[in-house]
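Enquirer: There's a structure below that I have some questions on.
There are 2 protein chains.
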Amino acid sequence: MSAIIMSGKTLADEMTIEMQNDVNQLKKKGVTPGLVVLLVGEDSASQTYVKNKEKRAKALGFHSLIRHYPVDITEEELLNEVNHYNEDPAFHGILVQLPLPKQIDSDKVVNAIDSVKDVDGFHPINMGKLLIGQPDKIPCTPYGIIKLLERYQVDIDGKTAVMIGRSNIVGKPMAQLLMMKNATVTIAHSRTKDLAALARTADILVVAIGRGHFVTKEFIKPGAAVIDVGMNRDKNGKLIGDVKSDEVAEVAGYLTPVPKGVGPMTITMLLYQTIESAKKISALSKKM
Amino acid sequence: MSAIIMSGKTLADEMTIEMQNDVNQLKKKGVTPGLVVLLVGEDSASQTYVKNKEKRAKALGFHSLIRHYPVDITEEELLNEVNHYNEDPAFHGILVQLPLPKQIDSDKVVNAIDSVKDVDGFHPINMGKLLIGQPDKIPCTPYGIIKLLERYQVDIDGKTAVMIGRSNIVGKPMAQLLMMKNATVTIAHSRTKDLAALARTADILVVAIGRGHFVTKEFIKPGAAVIDVGMNRDKNGKLIGDVKSDEVAEVAGYLTPVPKGVGPMTITMLLYQTIESAKKISALSKKM
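Protein sequence lines correspond, in order, to chains A and B.
For what it's worth, the working numbering labels the leading residue of the first sequence as 799, then goes sequentially.
For what it's worth, the working numbering labels the leading residue of the second sequence as 799, then goes sequentially.
As structure tokens, this is what we get:
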């Protein structure tokens, strides 16, 4: 038996068609979804991510803007920029590309984004709404994973789910989303004892620890759905996940590939939430 | 072997002595911690809770006020009251006693409380800060449980913790607090299969489901710390917990009693957070 491959690329393409339709509808009403990305400094990985986002946003017909600031911008100057885009009605989504240089308090900057325009879903108020079970904007990677599980009709209700990794951008919000769908969720991490045995209890296993090929077949319950959030380079520079996919695919029921698994879904959900935000803001402004 | 009884009453008394000292220090600086409770309607359980809170606040020398509103108060009127106390510098903590009558959207009212004065810790921004691991105001019951575990020197780091119950006021924030202390945490609930077997994996078991004597000795790993958040009445009107304490005490290493376990800690943490809020607000106003 070999696992069904859950293709983020395929689902992203499907969703893009629907989203294109939504953008066209909005444009007929005179609204163009606008996304501004604030990028500080010259980090090359960040620049690549930002360019990918822009490319996909433009392909959908967004009003897309990258603002590029020098690495020595002050916190106050960057906060002023955030405030400017909070007020600017042309933009429905604001994304501050992380990491920021060390003279800037990232939390302060993220907290300054109007929570309505927080399409990354990292603002504490959006995290809080998620924790209390009333999600609004949702961190894009876990949101994309839920969409993938739904698309491939993976049962969640009453199932056992284990997150490996407790980050604010994957593990913790992912746990909330799966719990809302009635999974029994455990968050494991570096201090967890006998991780493989715990992972083997999981019907749904989400791996986000940033260690190439860490999860082997010994971690997998036969038939489990395995989500690989890892993006690592092996010694030859090849992109690999946190999951040793060749052997895990022989045990798991479902598996996301790397690349073309979770990655394409993250950007898709960012664009999706920008469109949702454009719909909401334009509906509100009509009422006023 | 019989479990060590973790007395919330004893710890609450100890903390009250320290808190009394803090209140005296604040008063020397001209600051009296102020707590206002907004109570709507005639719910008798709510009235009892509110009276207990007032009694303990007054005993500590707080400026304590109960505002009692008619059951037919409108949402707008109640929001105006919240805004009034947000602005009133005499109060450092605002508590809206739940439940509210059905014409009022409780979330809207809780969200209107200035998060600095949200001594209950239920505001989404405070829940969000908790989820991202930067807690500020914390829901009082789980906060009190952490204090109890610390007082009785229960190991948390690297241990397995299971929450039974996924409420916003206990299970979910409790999971975050235990995870911050490096426990591997699972949240179980009504849809969880084989609950007793899962509970038996727990070094720390927190039970908050509101079903009298639901947790029997079959749920307990020998030596575990068992926290009973339940407050139920048996058929004779006697107050009982969610844990069948007589038999569980023979297996567990630590157990909170009902009454005098978690209950006294909840009010204590409410008062504690009001004092912290008074310290913070008075320090801020000095800077200005």
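Glycine included, C-beta positions come from ideal geometry on N, C-alpha and C.
1. Counting pairs of Cβ atoms below 8 Å between the region 967-985 of chain A and the region 920-928 of chain A, do you hit three or more?
2. Using CA atoms only, rank isn't needed, just tell me which of 1047(B), 915(B), 879(B) and 1012(B) is closest to residue 1024(B).
3. Looking at residue 1063(A): is its Cβ nearer than 7 Å to the Cβ of residue 857(A)?
4. Residues in the region 967-981 of chain A with C-beta within 7 Å of chain B's C-beta atoms, listed in sequence order?
5. Where are the beta strand (DSSP E) runs, 3 residues long or more, that stay fully inside the region 860-919 of chain A, in chain order?
6. Does any residue of chain A bring its CB to less than 7 Å from the CB of residue 1078(B)?
7. For the region 1002-1022 of chain B and the region 1039-1057 of chain B, state whether three or more C-beta atom pairs, one from each stretch, are separated by less than 8 Å.
8. Assuming contact is defined by CB atoms lying nearer than 7 Å, are residue 981(A) and residue 801(A) in contact in what I supplied?
9. Please state whether DSSP places residue 837(A) in a helix, a strand or coil.
10. Since residue 994(A) is in the alpha helix (DSSP H), which residue starts that stretch and which ends it?
11. By DSSP, does residue 808(B) sit in helix, in strand, or in coil?
12. Specify the secondary structure class of residue 984(B) as computed by DSSP and reduced to three states.
13. What is the rounded straight-line gap between the Cα of residue 895(A) and the Cα of residue 846(A)?
14. Buried or exposed: where does residue 890(B) fall if 16 or more other Cβ atoms within 10 Å of its Cβ makes it buried?
15. Chain A partners of residue 955(B), CB-CB under 9 Å?
16. Quick check on residue 926(B) - is its C-beta less than 7 Å from some C-beta in chain A?
17. Less than 7 Å between CB atoms is the rule here; does residue 952(B) satisfy it with respect to chain A?
18. Are residue 956(A) and residue 989(B) closer than 7 Å when you measure CB to CB?
19. Beta-carbon of residue 986(B) versus every beta-carbon of chain A: anything under 7 Å?
20. So is residue 963(A) buried or exposed if we call it buried at 16+ other beta carbons inside 10 Å?
21. Can a CB atom of chain B be found closer than 7 Å to the CB of residue 929(A)?
22. Hey, is the region 931-946 of chain A in contact with the region 938-955 of chain B, meaning 3+ C-beta pairs nearer than 8 Å?
23. Using the beta-carbon count (16 or more within 10 Å), is residue 1087(A) buried or exposed?
24. Three-state secondary structure (DSSP) at residue 1037(B)?
25. Going along chain B in order, which residues have a C-beta closer than 9 Å to the C-beta of residue 917(A)?
26. May I ask you to list the residues that DSSP assigns as paired with residue 1031(B)?
27. Which residues of chain A have a Cβ atom closer than 7 Å to the Cβ of residue 831(B), listed in chain order?
28. Go ahead and pull the three-state DSSP assignment for residue 1044(A).
29. At which residues does the alpha helix (DSSP H) containing residue 973(A) begin and terminate?
30. State yes or no: is the C-beta of residue 864(B) within less than 7 Å of the C-beta of residue 835(B)?
31. I'd like the span of the beta strand (DSSP E) that includes residue 1005(B), first residue to last.
32. Between which two residues does the alpha helix (DSSP H) holding residue 846(A) run?
33. Given that a residue counts as buried once 16 or more other Cβ atoms are within 10 Å of its Cβ, and exposed if not, what is residue 851(A)?
34. At the 7 Å Cβ level, is residue 937(B) part of the contact set with chain A, yes or no?
35. Cα-Cα, which of 871(B), 1054(B), 958(B) and 1084(B) is closest to residue 992(A)?
36. DSSP three-state label for residue 1018(B), please.
Expert: If we stick to the structure as given:
1. yes
2. Within the second sequence, residue 1024(B) is the residue found at index 226, counting from 1. Taking only the C-alpha atoms, the option nearest residue 1024(B) is 1047(B).
3. Taking the first residue of the first sequence as position 1, residue 1063(A) is located at position 265. Taking the first residue of the first sequence as position 1, residue 857(A) is located at position 59. Their beta carbons are not under 7 Å apart, which means residue 1063(A) does not touch residue 857(A) by this criterion.
4. 970, 977 and 980
5. 861-867 and 891-894
6. Taking the first residue of the second sequence as position 1, residue 1078(B) is located at position 280. So, not an interface residue.
7. yes
8. Walking along the first sequence from the start, residue 981(A) turns up at place 183. Walking along the first sequence from the start, residue 801(A) turns up at place 3. Contact: no.
9. Within the first sequence, residue 837(A) is the residue found at index 39, counting from 1. In this structure, residue 837(A) counts as strand in the three-state DSSP scheme.
10. Indexing the first sequence from 1 puts residue 994(A) at position 196. Run containing residue 994(A): 993-997, per the alpha helix (DSSP H) assignment.
11. Locating residue 808(B) in the second sequence gives position 10, where the first residue counts as 1. If DSSP states are grouped into helix, strand and coil, residue 808(B) belongs with the helices.
12. Here residue 984(B) refers to the residue found at position 186 of the second sequence. Strand at residue 984(B).
13. Numbered from its first residue, the first sequence carries residue 895(A) at position 97. Numbered from its first residue, the first sequence carries residue 846(A) at position 48. Rounded to the nearest angstrom, the two C-alpha atoms are 11 Å apart.
14. As a first step, residue 890(B) is located in the second sequence; it is residue number 92 there, counting from the start. So residue 890(B) ends up on the buried side.
15. One-based indexing of the second sequence puts residue 955(B) at position 157. What residue 955(B) touches in chain A: 989.
16. On the second sequence, position 128 is the one that residue 926(B) refers to. Judged by the 7 Å Cβ criterion, residue 926(B) is in contact with chain A.
17. Stepping through the second sequence from its first residue, residue 952(B) is reached at position 154. No, its Cβ sits nowhere closer than 7 Å to a Cβ of chain A.
18. For the purposes of this step, residue 956(A) is identified with residue 158 of the first sequence, where counting begins at 1. For the purposes of this step, residue 989(B) is identified with residue 191 of the second sequence, where counting begins at 1. The answer is yes: Cβ separation under 7 Å.
19. The residue you call residue 986(B) lines up with position 188 of the second sequence. Yes - at least one Cβ of chain A is within 7 Å of the one on residue 986(B).
20. As a first step, residue 963(A) is located in the first sequence; it is residue number 165 there, counting from the start. When all chains shown are included, residue 963(A) counts as buried.
21. Walking along the first sequence from the start, residue 929(A) turns up at place 131. It does; some Cβ of chain B falls within 7 Å.
22. no
23. A query on residue 1087(A) cannot be resolved here, the shown segment of chain A reaching from 799 to 1086 and no further.
24. Position 239 of the second sequence holds residue 1037(B). Note: residue 1037(B) maps to strand in three-state DSSP.
25. As a position in the first sequence, residue 917(A) is number 119, starting the count at 1. In chain order: nothing, as chain B lies at least about 16 Å away.
26. In the second sequence, the residue the question calls residue 1031(B) occupies position 233. Residue 1031(B) pairs with 1037(B).
27. Counted from its first residue, the second sequence places residue 831(B) at position 33. In chain order: nothing, as chain A lies at least about 25 Å away.
28. Taking the first sequence and counting its residues from 1, the one referred to as residue 1044(A) is at position 246. Of the three classes helix, strand and coil, the one that applies to residue 1044(A) here is helix, per DSSP.
29. Looking up residue 973(A) in the first sequence gives position 175. 969-978 is the extent of the alpha helix (DSSP H) around residue 973(A).
30. Numbered from 1 along the second sequence, position 66 holds the residue referred to as residue 864(B). Numbered from 1 along the second sequence, position 37 holds the residue referred to as residue 835(B). Yes. Within cutoff.
31. Position 207 of the second sequence, counted from the start, is the residue given in the question as residue 1005(B). Run containing residue 1005(B): 1002-1005, per the beta strand (DSSP E) assignment.
32. Locating residue 846(A) in the first sequence gives position 48, where the first residue counts as 1. Its alpha helix (DSSP H) spans residues 842-857.
33. Looking up residue 851(A) in the first sequence gives position 53. Counting Cβ neighbours within 10 Å, residue 851(A) comes out buried, since at least 16 surround it.
34. Taking the second sequence and counting its residues from 1, one reaches residue 937(B) at position 139. For residue 937(B), the answer is no, since every Cβ of chain A falls outside 7 Å of its Cβ.
35. Along the first sequence, read from residue 1 onward, the residue named residue 992(A) stands at position 194. Here the closest residue by C-alpha is 958(B).
36. Taking the first residue of the second sequence as 1, we reach residue 1018(B) at position 220. Three-state DSSP puts residue 1018(B) in coil, outside helix and strand.
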